[in-house]
Amino acid sequence: MSPLEIVIFLPIVASLAIWLGAPARITSITAALINLLIIGGIALGFDGSKLAPGEFAHVSSRVVLENPAISFAVGIDGMSLILALLTTLVTFAAVWQIVAEKDKVFHIASLLISAGALGAFLSTDIFFLYAFHELALIPTFLMIALHGHGDQATRRAVAWKITVYLGLGSLVLLAGLAALVLNLSEGPTLTFDVTALAHKSASLPAATQAWIFFVLLLGFGTLVSLFPMHSWAAPAYATAPTSVAMLHAGVLKKFGLYGLLRIALPLLPLGAQAQWVQQALLLMLLGNILVMGLVTIHQDRLDDMLANSSVMHMGYIFLGIAAGTELALKGAVVLMFAHGVSIALSFALCGRMRNQLGTLEFDKLGGLATHAPLLTVIFAFAAFASIGLPGLANFAGEVMVFLGTFDSKLWSPEKLNALQWTTILSLWGVVISAVYMLRAYRKIFFGTAASGLYMKDPAFSQRVPLVLLAAVLLIVGCCPGTLLDLIKTAWAAAKVAGL
Amino acid sequence: MSAFSIEVLLALLGLAIVLAAAFLPAVSQRTLAWTGIAGSVVALLLLCGASHAESSLPAFVAPYYSLDTLSLFYKAFALVITALVLWLIAESDSTLSNYSADGKLGELVGLPLIVCTGMMWMASAKDLVTVFVSLELVTVAFYVLVAYTRKSALSLEAGVKYLILGAAATGVLVFGAAWVYGATGSLSFEGIAKGVQNAAVNKSVLLFGIAFLLAGLGFKVAAAPFHMWVPDVYQGAPTPVTAFLSVGSKASGFIVLTRVIDALLANGSRVTSEVTNLLLISAAITVLLGSLPAIFQTSVKRLLAYSSISHAGFLLLALASRSSARFDITSGGVVAFYLATYLPMTVLAFFVLCVLRRQGIGDSLDELKGLGRRSPLLALLLTIAMASLAGLPLTAGFLGKMLVFVAAVDHGYWGVIGCAVIGAAAGFYYYFKVILAIYTSEGTTEEPVTVSIASKAIATALAAIILILGLYPRPLQKVLAAPAAASVALGK
Amino acid sequence: MITLNHYLFVSGALFALGLAGVVVRRNILVIYMCLEMMLSSANLALVAFSRFHLTDGLPDYSAQALVFFTITVAAAEVAVGLAIIVAVYRAKNSIDVESVTKMQG
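Protein chains in written order, with the numbering used here: chain A, 40 to 538; chain B, 53 to 544; chain C, 11 to 115.
What follows is the structure, encoded as structure tokens:
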């Protein structure tokens, strides 16, 4: 049995145990910790340079259906390792910070979402990669509808919105994946194995590749809140209970990006390079960065601002995918990790403030720096990371993405091309981020609170998840090599293919 | 022992139970129901042990009786659903007997076995005569079952509606069979398959017959535009009978439809495009007319009726997406696979309704509120059933839907796929509405729901089957690649 | 000379009349009679096709076998159907279709 299978099923077993009456907090923290240790152990022993592109470590494959050929196949390479690391980290932090009264359902929901994300990241069979992602759908729906913030009508509306959007998105995705599998299987057996499908991808006509890629982009894009399919995300994160928001915004949303990087780009290389697909993608990601950036500036509540900023920052990762160069893709992976940690940290802090202060409106807050110094420092980590300050994780990713766009061979190198113009416009997004983050920081932590509401630093045990996530941001920010070593060879092939 | 004799024995057991109910008042309803369950389980074991070679059949049935993978599958399917329906009847005997004419349930316990005989026989039909007789055996028995709790006005009303529309469908079916016979000169599927390839056959006569034949069968499987009876009949019928209609009657309609379509779309058929278009149009409107009205339903039973229509649409789409030459998956196999996954989730949903009814809880969505606290187990089971009906991955329901999607994408039926996507997305909405109601806390009462240990075990097993088949569908592999009957018959 | 077409015309007319009756009549008993008419029309078509589909100078009897099954099954259907109609009459004192339209939507 591969350790990866344990990692996937442990949270499910733990949530079942909690449902049957095991002590919720201890069980879920133990499960999350074991997962973190297993994945951490794998990461320590992992040598990215030993794996050829398209090769996986710790593989295990069990046939569940012969025709169409579907296997429960797991495996790990640098990219999935980074995302698994992100998942286990955020899960650990998320279940640790749960302090609600009805904590049982919160723990079950968090563990199920975590299991879904891990299953999706660690499967090497498209069927299970897709299937596991949907495991989170019901827990998310119920948690937002029943235990979300705000009045019942609002949170139900929000829950329906996210469910219908994600449901539709995954059906579009299913149609795209069906087309992909049908076109790339070599018959007479339909196969869903990522490696087996790669054989035929070179011979698929560019026009076919382009439209399948576009359908996949729409499907995966909806799950990542790509503009203009983004409107479910911000209200959902603002309404969701803290642990769900952390896991969904921090981890689960990365699934769509992961899918593009794992399935769409390697299997449909010509589709990704098609001019019209590129142009459409660039327009959509500019929508994320600029339109959502401006929307974010106009938010006057912390949770709304964080939720919108999370949608906005997806644009940079899409930019890396659009550029398609080795550097940009690696940057996109680092940025996925960094964004996941920083947004989870932000939501953890935001949830803490909501519990203690009862309000998150900037106009009512202020002066927390003197009352809660630790919180001030941690929040600074999250906020500055999200702006992209050097020394914190996001910076490394963003720089790599920006620089990567300048070596794309796809566009004419003589003058500034569409991709590079997009990059230049995207750089303004960084300014926008700085504006709203710093403004929020100043309003919350300095001056005086109009409402007279203040809060203390959390108790010692509750500092664990905050400090952990902040430390990760700092470590990866100072030595991004820790992550980059894992994906050393991942896109060496991309260069050869002329990307 | 041949498979054929199992059906004879089962019919005899059914008659014996009806007689026992009438003449041995000392025997309780539950005993009779469990006798029937034991009978079907024994029959299932016998079926597994029986010879599957067609040469084992007695000479007088052999020409009219096939024993291929699909027919064996549908025979086993009929036995399983019959046993489960009898279990549901035993579960809800106290509620049902309040509404029957004499306060007893004799025929309600005996007739499902007769229906089962009809369904098993239908699975083996090789010609329209056998189809007609076995279909009528099923339908006439269902008239009685639907109207059985006749002290309830709804049940009686459902009985009358089912009777009139069912009889009309029978008339249309026989009329269509007559014209197909007139065109092809044969009533056997093999002969019809040869007839549709024959250039000498009058095509307009053939198409006229096919239209009526498919309309008649469309009624049995609840395909639009012949689906209007479904919501009323499902709502009015006793809940176990509704489950039986929804799974058993639909499956037997689909085995016949599979055979007929296999014959009509045999290689070289001259009516391929007409029949395919007919199926595609019907599939598209069936999915839409099933899913969209379901959104507005407040009765869970009625909601499940519309959902059953919508599932019929997906099955029709599977039938229209004929097996492509590139991949060894047959459309008949996909339909059988889909139905096999449909069985546990539907029965599970109706089981919860039966249990709640016994506790005096009706089937409206509002009355489900608070179930999450009154019975966490039932709530979880119903959630799994709903997730599977909605087609969420990792449940059995997803695989069936995915195979249908894959087949349809392979043929490029994008218009119908669009309708199916809308239908499936609407499904997310109305099934999740049920889930939301379960876990909404403002229930009227906190009194816990009591369920016997045996029933808990069976229901949990059903849920486990849903999840296991979602993760590990390999046991159904053989069914999926079952060769189409007509292609076997034509020696392809 | 009566040809196949004559029979088919009568059969079609009977079927159409039966179907029309099912749709327009309000009395359940009359509707039921119309249903029987539809079955009879199908029987007529079957027998006619069989009679005019000669193999070796003899009619093809498989269709006539179906006719006998249809007649038998129709009798069984009538037995059950009339029982249900009687039950409706007892419950509602009317056999008008309007008396059984409680469920809508």
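We put the CB at the ideal spot given by N, CA and C, even for glycine.
- As summarised for the region 64 to 135 of chain A, the continuous beta strand (DSSP E) elements at least 3 residues long and confined to that stretch are 96 to 104 and 109 to 115, given in chain order.
- By the CB criterion at 8 Å, Leu76/C and Leu239/B fall inside the cutoff.
- Secondary structure note for Phe357/A: its alpha helix (DSSP H) is the uninterrupted segment Leu341 to Ala362.
- Think of a sphere of 7 Å around the beta carbon of Val212/B: the chain C residues whose beta carbon falls inside it are Ile38, Ile94, Val98 and Val110, in chain order.
- Phe278/B has a beta carbon lying at 8 Å or more from every beta carbon in chain C.
- Cβ-Cβ distances below 7 Å link Thr393/B to Ala448, Gly449, Leu451, Gly452 and Leu521 in the same chain, with the five nearest sequence neighbours on each side left out; the list follows chain order.
- With a 10 Å radius around the Cβ and a threshold of 16 neighbouring Cβ atoms, Gln191/A comes out exposed.
- Neighbours of Ala230/B in chain C, taken as residues at a C-beta separation under 7 Å, are given in chain order as Ala52, Ala55, Leu56 and Phe59.
- By the criterion of at least three beta-carbon pairs nearer than 8 Å, the region 198 to 205 of chain A is in contact with the region 265 to 278 of chain A.
- Just measuring C-alpha positions, the residue of Asn106/A, Gly436/A and Leu413/A sitting nearest Ala424/A is Gly436/A.
- In this structure, Ser54/B and Pro110/B form a Cβ contact; the two beta carbons are roughly 7 Å apart against a cut-off of 8 Å.
- Under the 8 Å criterion on CB atoms, Arg409/B is classed as non-interfacial with respect to chain C.
- Assigned with DSSP and collapsed to three states, Pro69/C falls in strand.
- Counted as a single uninterrupted DSSP element, the stretch harbouring Trp271/A is not any alpha helix (DSSP H), since DSSP gives it neither H nor E.
- Approximately 17 Å separates the beta-carbon atoms of Ala346/B and Leu207/A; this is outside 8 Å, ruling out the contact.
- Contact of Met48/C with chain B is assigned, a C-beta pair being separated by under 8 Å.
- Interface annotation for the region 479 to 491 of chain B against chain A: Phe480, Tyr481, Phe484, Ile487, Leu488 and Tyr491, criterion Cβ-Cβ distance under 8 Å.
- Nearest C-alpha to Ala68/B among Ser103/B, Gly162/B and Ala245/B: Gly162/B.
- Within 8 Å of the CB of Gln529/B, the CB atoms of chain A belong to Leu104, Glu105 and Asn106, in sequence order along the chain.
- Burial is judged here by how many other beta carbons sit within 10 angstroms of a residue's own beta carbon; Leu367/B has at least 16 and is buried.
- For Phe445/A, there is no enclosing alpha helix (DSSP H), as DSSP marks it with neither H nor E.
- Here Cys100/B is exposed, its C-beta having fewer than 16 other C-beta atoms within 10 Å.
- From the beta-carbon of Thr80/C, the residues of chain B found nearer than 8 Å are Phe184 and Val226.
- The beta-carbon of Ala515/B is placed no less than 8 Å from the nearest beta-carbon of chain C.
- When C-alpha distances from Gln501/A are compared across Val211/A, Ile526/A, Ile417/A and Val470/A, the shortest belongs to Ile417/A.
- In the structure shown, Asn329/B falls within a helical segment according to DSSP collapsed to helix, strand and coil.
- Going by C-alpha positions, Ser240/A is about 39 Å away from Ser359/B.
- Ile47/A counts as buried, since at least 16 other C-beta atoms from the protein chains shown sit within 10 angstroms of its C-beta.
- DSSP, read as helix, strand or coil, puts Asn37/C in strand.
- The beta carbon of Thr179/A does not come within 8 Å of any beta carbon belonging to chain B, so the residue lies off that interface.
- Rounded to the nearest whole angstrom, the CA to CA distance from Ser50/C to Phe59/C is 14 Å.
- Close partners of Ile347/B in chain C (Cβ separation under 9 Å) are lacking, with about 12 Å as the shortest Cβ gap.
- Rounded to whole angstroms, Ala318/B and Leu297/B show a C-alpha spacing of 30 Å.
- Proximity to Leu165/B across Leu136/B, Ser149/B and Lys178/B peaks at Leu136/B, based on C-alpha coordinates.
- In the three-state reduction of the DSSP assignment, Ala177/B falls in the strand class.
- Residue environment for Val33/C: exposed (fewer than 16 other C-beta atoms within 10 angstroms of its C-beta).
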